[in-house]
Amino acid sequence: MNINPNTLVSDIVSENYKTAETFKLYGIDFCCNGNRSLQEVSEKKQIDLSILISKIKNDNEKNINANHENFQNWELDFLSDYIYQNHHTYIERKGPEILAYLNKISSVHGKNHPELHEVALLFKEALDDLTIHMKKEELILFPYIKKIANSYKNNEHLNTPPFSSVSNPIEAMHSDHDNEGERFRKISELTNNYKIPSDACNTYKIAFSLLKDFEEDLHKHIHLENNILFKRAITLENKLNNKN
Numbered sequence: 009m010n011i012n013p014n015t016l017v018s019d020i021v022s023e024n025y026k027t028a029e030t031f032k033l034y035g036i037d038f039c040c041n042g043n044r045s046l047q048e049v050s051e052k053k054q055i056d057l058s059i060l061i062s063k064i065k066n067d068n069e070k071n072i073n074a075n076h077e078n079f080q081n082w083e084l085d086f087l088s089d090y091i092y093q094n095h096h097t098y099i100e101r102k103g104p105e106i107l108a109y110l111n112k113i114s115s116v117h118g119k120n121h122p123e124l125h126e127v128a129l130l131f132k133e134a135l136d137d138l139t140i141h142m143k144k145e146e147l148i149l150f151p152y153i154k155k156i157a158n159s160y161k162n163n164e165h166l167n168t169p170p171f172s173s174v175s176n177p178i179e180a181m182h183s184d185h186d187n188e189g190e191r192f193r194k195i196s197e198l199t200n201n202y203k204i205p206s207d208a209c210n211t212y213k214i215a216f217s218l219l220k221d222f223e224e225d226l227h228k229h230i231h232l233e234n235n236i237l238f239k240r241a242i243t244l245e246n247k248l249n250n251k252n
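In this text, residue positions in the sequence shown follow the working numbering: the first is 9, and each later residue adds one.
Listed below in structure tokens is the structure:
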């Protein structure tokens with residue numbers, strides 16, 4: 009991949025997810041706001057563009073001979089299943105556990121660390137909203153994306169869905185993703201990027217470790233949907249409609 013100032017952040021991470029670490033290092037949002045060029049993000053973050061490009065190229069060189077998941081080449085139905093099995097189920101499994109830890113430490117340590125009450129509340133709101141969001145994807149959006157993929161693969165006619173175009177539910181999903189991105193930016197800010205205070209007990213340490221892992225998984229989850237699954241679904245649907 010040719011990396012230059014006009015290359016989009018989302019395209020870089022889609023090509024090589026290892027580069028996400030470099031973007032995280034500079035505080036660059038690659039999942040919810042990845043549709044920006046390196047020039048744009050470097051100016052906004054006041055980063056030396058040449059250094060940023062150099063680091064990304066270095067990430068790509070390291071990745072050439074490494075075994076990695078090339079999500080761009082996956083069939084859309086397989087990618088949909090992967091997101092469900094690896095990211096939706098992760099939220100369902102780990103979310104309640106993390107919330108229980110957060111409620112416990114906010115109860116025990118809330119006097120000295122009042123921000124914990126807001127962190128627990130924000131995380132509960134995230135879980136509630138993500139639960140609804142994921143059900144919409146599982147029951148409506150993902151099945152239709154699979155129909156798009158199968159129709160394209162088999163050269164079959166694609167019936168118009170009740171929501172007219174895949175772009176419409178995707179737009180709603182993008183909005184939800186933006187909300188979660190903002191919510192977790194707030195959580196990260198409140199926790200000083202999950203820094204463990206000196207008076208933290210083991211439960212406190214576990215809670216913050218799990219919460220950080222949750223955010224990182226959510227970033228990858230949103231990236232796979234926004235920058236790969238949804239983009240490709242829109243492209244395929246347009247190709248099918250142009251055939252008809």
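In this text, a Cβ means the ideal position worked out from N, Cα and C, and glycines have one as well. All figures in this text were calculated on a predicted structure; none of them were measured in a lab.
Distance between beta carbons of residue 27 and residue 20, contact taken as under 8 Å = Indeed they touch by this definition, with Cβ atoms about 5 Å apart.
Own chain residues within Cβ distance below 7 Å of residue 57, not counting five before or after = The answer, listed in chain order, is 13, 46, 47, 50.
How about residue 153 and residue 208: are their beta carbons less than 7 Å apart?
-> The answer is no: Cβ separation not under 7 Å.
Are residue 177 and residue 149 touching if we call contact CB-CB under 7 Å?
-> A Cβ-Cβ contact shorter than 7 Å links residue 177 with residue 149.
For residue 124, which of helix, strand or coil comes out of DSSP?
-> If DSSP states are grouped into helix, strand and coil, residue 124 belongs with the helices.
Just reading off the alpha helix (DSSP H) that residue 11 is part of, what are its end residues?
-> Counting along the chain, residue 11 falls outside any alpha helix (DSSP H), and DSSP gives it neither H nor E.
Since residue 245 contacts residue 156 with CB under 8 Å, what's their CB separation in whole angstroms?
-> Yes, they are in contact, since the Cβ atoms of residue 245 and residue 156 sit about 5 Å apart, within 8 Å.
When the Cα atoms are used, what is the spatial distance from residue 15 to residue 236?
-> Going from the Cα of residue 15 to the Cα of residue 236 covers about 16 Å.
Quick one: any contact between the segment 103 to 113 and the segment 219 to 239, if contact means 3 or more CB pairs under 8 Å?
-> Verdict: yes, contact present.
With DSSP collapsed to three states, give me the class of residue 45.
-> Annotated three-state conformation of residue 45 is strand, per DSSP.
Can you check whether the CB of residue 186 is closer than 7 Å to the CB of residue 40?
-> Yes.
What's the C-alpha gap between residue 5 and residue 197?
-> The structure shown does not extend to residue 5, since the chain spans only 9 to 252, so no value can be given for it.
Between which two residues does the alpha helix (DSSP H) containing residue 234 stretch?
-> Looking at the DSSP string, residue 234 is not in any alpha helix (DSSP H), and its letter there is neither H nor E.
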